[in-house]
Amino acid sequence: MKKGLYEAHLPVSNLENSIKFYGKLDLEIAYQSEKVVFFWLEKGKSWLGLWEANQVEIPYHPSIRHVALRMDMEDMTSAKAWLNSKGIKIRTAFDLTEEHQPLVLDNNPQAHAAIYFNDPDGIRLS
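The opening residue of the sequence shown carries number 176 in my numbering; numbering runs sequentially from there.
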């Protein structure tokens, strides 16, 4: 029955700043109003909703403040330079510096590569 993730939602403190940041990731706006914007993750299939809210200062935990974006492995080698060209800083992850990323996480049952960075509200993206 399920085909994948349809939507996810995150609180942001300043919608305009978040729109600029997520636009740098080449995400296209699907819908926008005064307090919410939806970006296509995969056009016509899944999107990310950003809601301007007062409850943004939530302590970090990967279950509530982490979003991993899927990309092709061929693009992983150039992703760090691409992020840097957009003015997006790579953050240290697992005590590894930018020079050690992308890193490969041997998560059973599916290993994957990742580069970590933050949005303007400190939401961890990879």
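C-beta atoms are modelled at their ideal positions from N, C-alpha and C, and glycine is treated no differently. As the structure is a computational prediction, the values presented were derived from the model and not from experiment.
Run the CB neighbour count on S193, radius 10 Å, all protein chains shown included, and call it buried at 16 or more, exposed below.
buried
Under a Cβ-count criterion, where at least 16 other Cβ atoms within 10 Å of its own Cβ denotes burial, should F292 be classed as buried or exposed?
buried
Distance CB(P186)-CB(A243) smaller than 7 angstroms
no
To the nearest angstrom, report how far apart H287 and S188 are at their CA atoms.
31 angstroms
Among residues of its own chain, excluding the 5 on either side of V251, which ones have a beta-carbon nearer than 6 angstroms to its beta-carbon?
One detail in the question is off: residue 251 reads as Met in this sequence, not Val. Within the same chain, M251 has close Cβ partners P277, A288.
Buried or exposed: where does Y235 fall if 16 or more other Cβ atoms within 10 Å of its Cβ makes it buried?
exposed
Separation of G262 from G198, as counted between CA atoms:
12 angstroms
Jot down the residue ranges of each uninterrupted beta strand (DSSP E) in the segment 230-282, minimum 3 residues, whole runs only, in chain order.
278-280
Could you tell me whether the Cβ atoms of A205 and W226 are closer together than 7 angstroms?
no
Measuring only the C-alpha atoms, how far is E209 from L200?
21 angstroms
How long is the line joining the alpha carbons of Q136 and R240, rounded to whole angstroms?
Outside the displayed span of the chain (176 to 301) sits residue 136, for which this structure offers no information.
Using the C-alpha atoms, what's the distance from E182 back to K118?
With the chain represented from 176 up to 301, any question about residue 118 goes unanswered, as that position is not in the structure.
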